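Worksheet for the structure shown next.
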Amino acid sequence: MKNELIDILFKYNTDNSEDYPSENILLCLEEIRNYLELKGIHCEISIYDVAGSDGRQVRRGNLFSYNPKSRNPFLLMQGHIDTVPFSGEYSYCTEAGELVGRGSVDMKGSILSMIEAYEKMYHNEYINPPALLITGDEEANSFAGIRHFIENNNIPICFCINGEPSSFEINTAFKGVLIVEVLIKGGCLHSSDSNDVSIIEKHIDLFNDVKKFIETVRSVSDERLGRTIAAFTVVNAGNKSNQLPEQMRLSFNARIVRDSGVYLDIYNDILGKYLDKQEVCFDIMFFNPLEIDLEEKERNVLTRALNVSGFSFSETVMRAFTEASFLNQAGYRTIICGPGDLSLAHVDQKLERVDLGLLESYRDFLIEFVKEYNKK
Ligand SMILES: [Zn+2]
580 MKNELIDILF
590 KYNTDNSEDY
600 PSENILLCLE
610 EIRNYLELKG
620 IHCEISIYDV
630 AGSDGRQVRR
640 GNLFSYNPKS
650 RNPFLLMQGH
660 IDTVPFSGEY
670 SYCTEAGELV
680 GRGSVDMKGS
690 ILSMIEAYEK
700 MYHNEYINPP
710 ALLITGDEEA
720 NSFAGIRHFI
730 ENNNIPICFC
740 INGEPSSFEI
750 NTAFKGVLIV
760 EVLIKGGCLH
770 SSDSNDVSII
780 EKHIDLFNDV
790 KKFIETVRSV
800 SDERLGRTIA
810 AFTVVNAGNK
820 SNQLPEQMRL
830 SFNARIVRDS
840 GVYLDIYNDI
850 LGKYLDKQEV
860 CFDIMFFNPL
870 EIDLEEKERN
880 VLTRALNVSG
890 FSFSETVMRA
900 FTEASFLNQA
910 GYRTIICGPG
920 DLSLAHVDQK
930 LERVDLGLLE
940 SYRDFLIEFV
950 KEYNKK
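Heads up: the sequence shown begins at 580 in my numbering, then just goes up one per residue.
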């Protein structure tokens, strides 16, 4: 793989969170655009703004490229450039044939292969030519990148490959998601001034009911999509031992396998008694699971392209929630296929790694896919 491109993608720490919105995401996309334009490739960055938790607006963008000489529906390769936050000093390297560091798996490694594949194909003539979309916000800001693309795109796209890590499996079924954020307001008092119970003590029953909700939804399953996976991920209150906490934040989520109505019934049954309490504010977000049925031609094309890179066709479920769900819901036929191992996404940045040979295979798979798709 090209060192020049590895440097462009990885020298920027593109860590993304609502707490510290980073300027680097847009800088990195601008550098990719410059790289492509020097190769005579037409490229646009479509700008939007996101707000940090302190209210500060930060400029972001999506990089979108297609050959404007063609008007036929495009084959889109798609990924996100932003990465999940980590602790410790940012670093990346290539060692023993592997690319190591934040984003190598999720998902700058895939983007590296996509750019190399795209560069090789851009000037060729195809009935359905390739296009490239790199979004700026997937790991934070409620998928602002792909939402912005969907709202503004008017270029026809017939099929899309999202490069999230799938170990070359073809994901055609996507679990949905249900996320609940709870904010509880208390009074900010000295703990020796008052014998008032704190909001922590007062809401231990709520903790137990969240646990009950999670345990109940874990028993919901579906034949194709498998089991519901649920977790209680945030409890945040207080920071001084002699002060009652002013507020408490809880968050829990589920990767859902049935229509959200099934989960909302359980939610109302178990947590309904808290919903009209003045000091407790619940914010719930959900997205239904999705499945696509591959057409015979699509299945054959994917099989042949995988075979050329030494892989066989295997159709599986994506357990993480990704931009592929937004694309499919908006009517863009999207599968996930990427080179990385999903269990190495969101881990310690020194453990996040992908074999450079797999990135080469992925690049070759993408080129072969476009070639095969365009065969009569
Ligand atoms: Zn990702």
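Even for Gly, the Cβ is constructed at its ideal location relative to N, Cα and C. Please read these numbers as outputs of a predicted model, since none were measured by experiment.
Taking ILE915 and GLU743 to be in contact with their CB atoms under 8 Å, please state how far apart those CB atoms are, rounded to whole angstroms.
5 Å
Using DSSP with H/G/I as helix, E/B as strand and the rest coil, what is ASP772?
Per DSSP, reduced to three states, the secondary structure at ASP772 is coil, with no helix or strand assignment.
Determine the DSSP secondary structure at LEU757, reduced to helix, strand or coil.
strand
State buried or exposed for PRO963, treating a residue as buried only when at least 16 other CB atoms are found within 10 Å of its CB.
In the structure as shown, the chain begins at 580 and stops at 955. Residue 963 is therefore absent and cannot be evaluated.
Would DSSP call SER666 helix, strand or coil?
coil
What's the C-alpha gap between THR714 and LYS754?
Going from the Cα of THR714 to the Cα of LYS754 covers about 21 Å.
Compute the minimum distance between the beta carbon of ASP772 and the heavy atoms of ligand 1, and state whether it is under 7 Å.
no
Is ASP685 a contact residue of ligand 1, with contact defined as CB to any heavy atom under 7 Å?
Checking the Cβ of ASP685 against ligand 1 gives yes.
By Cβ distance below 6 Å, which residues in the same chain neighbour VAL814 in space, the five residues on each side in sequence not counted?
LEU829
For a quick check, are the C-beta atoms of LYS781 and ILE849 less than 8 Å apart?
no
Apart from the five residues on each side of it in sequence, which residues of its chain come closer than 6 Å, Cβ to Cβ, to SER745?
ILE915, CYS916 and GLY917
Who are the near neighbours of SER940 in its chain, counting only those whose CB is closer than 6 Å to its CB and skipping five residues on each side?
Its chain contains SER888 as the residues whose beta carbon lies nearer than 6 Å to that of SER940, once the 5 sequence neighbours on both sides are disregarded; these appear in chain order.
Looking at the secondary structure, which residues open and close the alpha helix (DSSP H) in which THR795 lies?
783-796
So PHE831 and THR807 are supposed to be a Cβ contact under 8 Å. How far apart are they, rounded?
No, PHE831 and THR807 are not in contact; Cβ-Cβ is about 12 Å, not under 8 Å.
Check each candidate in THR913, GLY936, LEU906 and LEU921 and name the one with the smallest Cα separation from ASN732.
LEU906
Can you tell me the Cβ-Cβ gap for ILE620 and LEU642, rounded? I've got them flagged as a contact below 8 Å.
Rounded, the Cβ-Cβ distance is 11 Å, inconsistent with contact.
Given 7 Å as the limit, tell me if HIS621 has its C-beta closer than that to any heavy atom belonging to ligand 1.
no
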